[in-house]
Amino acid sequence: MIYIIEPLTPSVMREHLAAILEMDSSIVATEHWEQSHFLVDLPGKWECSRVVLNGEKLTGFMIATYKPESVHVNRIAIAPQYQSAGIAMRLLKMAALSAQHSHKQFVTLKVSLQNKKAVGFYQHRGFQLKEISGSNLALYIEAEVLLADNKADRQKQVGYA
Ligand SMILES: CC(C)(COP(=O)(O)OP(=O)(O)OC[C@H]1O[C@@H](n2cnc3c(N)ncnc32)[C@H](O)[C@@H]1OP(=O)(O)O)[C@@H](O)C(=O)NCCC(=O)NCCS
Numbered sequence: 111m112i113y114i115i116e117p118l119t120p121s122v123m124r125e126h127l128a129a130i131l132e133m134d135s136s137i138v139a140t141e142h143w144e145q146s147h148f149l150v151d152l153p154g155k156w157e158c159s160r161v162v163l164n165g166e167k168l169t170g171f172m173i174a175t176y177k178p179e180s181v182h183v184n185r186i187a188i189a190p191q192y193q194s195a196g197i198a199m200r201l202l203k204m205a206a207l208s209a210q211h212s213h214k215q216f217v218t219l220k221v222s223l224q225n226k227k228a229v230g231f232y233q234h235r236g237f238q239l240k241e242i243s244g245s246n247l248a249l250y251i252e253a254e255v256l257l258a259d260n261k262a263d264r265q266k267q268v269g270y271a
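Counting in the working numbering, the sequence shown runs from 111 upward without gaps.
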């Protein structure tokens with residue numbers, strides 16, 4: 111499986127916007143995002159976000175931004191045929207590196223309770239429950255823990271699902 115991960119800069123976003131919108135609407139089951147959500151300028155967005163490409167073909171993306179104490183993953187998606195190859199984990203580790211470089215302790219995100227696959231994915235990686243708001247779980251993990259992740263570490267994590 112050949113892919114590269116590149117910074118998702120404003121020009122890369124514009125170049126791949128149609129494919130990102132299509133992938134997002136077909137596989138991300140949370141609140142719908144318009145084109146404007148992807149283009150909006152937010153703190154840290156163009157430093158922390160990444161795109162996954164196989165040649166010119168979009169295979170995944172992560173939109174992440176700065177919060178006071180964390181790098182927050184607003185959106186993450188991998189094309190179905192590229193899932194289970196560790197790509198999302200590589201993206202999360204990049205978010206953890208961005209957190210460390212910006213002196214933030216955590217990586218945070220929200221996931222819908224209905225998104226069982228994603229909930230399991232985060233749970234296996236040691237994300238902890240911060241709060242439940244409506245049908246969403248707000249999760250956090252220390253950047254250091256995410257960067258040190260391996261199978262042995264995962265077995266020690268406490269569940270919340
Ligand atoms: C959730 C999502 C981002 C995970 O992406 P992914 O690239 O498949 O994630 P990974 O490959 O890193 O891990 C997925 C599984 O593959 C397994 N895996 C990873 N590398 C592997 C490898 N080399 N060989 C075999 N299995 C592997 C992992 O153990 C993991 O299983 P687990 O979650 O039960 O531990 C992806 O399913 C997705 O895009 N879903 C739709 C959008 C979505 O729901 N986004 C999240 C919204 S918050």
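Here a beta-carbon is modelled for each residue, glycine too, at the ideal position from N, C-alpha and C.
Exercise. List in chain order: all unbroken beta strand (DSSP E) runs of 3+ residues lying wholly within the segment 172-260.
Key: Here the runs fully enclosed are 180-188, 216-222, 238-243, 246-252.
Taking its Cβ as the centre, do 16 or more other Cβ atoms sit within 10 Å of K167, making it buried, or is it exposed?
Numbered from its first residue, the sequence shown carries residue 167 at position 57. Counting Cβ neighbours within 10 Å, K167 comes out exposed, since fewer than 16 surround it.
**Asked** Out of P153, V161, A187, T175, which has the shortest C-alpha to C-alpha gap to S136?
**Response** Locating residue 136 in the sequence shown gives position 26, counting from the first residue. Answer by Cα proximity: A187.
Cβ distance (whole Å) where K155 is taken to contact I130 below 8 Å: Sequence index remark: in the sequence shown, residue 155 carries index 45 (1-based). Sequence index remark: in the sequence shown, residue 130 carries index 20 (1-based). With a Cβ gap of about 14 Å, K155 and I130 do not count as contacting.
With distances taken between CB atoms, is the gap from V183 to I115 smaller than 8 Å? The sequence position of residue 183 within the sequence shown is 73, counting from 1. The sequence position of residue 115 within the sequence shown is 5, counting from 1. By the CB criterion at 8 Å, V183 and I115 fall outside the cutoff.
Q) Could you give the distance in angstroms between the alpha-carbon of H142 and the alpha-carbon of K177? A) Position 32 of the sequence shown, counted from the first residue, corresponds to residue 142. Position 67 of the sequence shown, counted from the first residue, corresponds to residue 177. If I take the Cα positions, the gap works out to 22 Å.
Taking the alpha-carbon positions, what's the G165 to M111 distance?
Position 55 of the sequence shown, counted from the first residue, corresponds to residue 165. Position 1 of the sequence shown, counted from the first residue, corresponds to residue 111. Those two C-alpha atoms are separated by around 12 Å.
ask   = Rounded to a whole number of angstroms, what is the C-alpha to C-alpha distance between L249 and I197?
value = Stepping through the sequence shown from its first residue, residue 249 is reached at position 139. Stepping through the sequence shown from its first residue, residue 197 is reached at position 87. The alpha-carbon atoms of L249 and I197 are separated by roughly 20 Å.
* Please go through the same chain and pick out, in chain order, the residues whose beta-carbon is closer than 7 Å to the beta-carbon of A195, but skip the five residues on each side of it. => Here residue 195 refers to the residue found at position 85 of the sequence shown. Cβ within range, chain order: M111.
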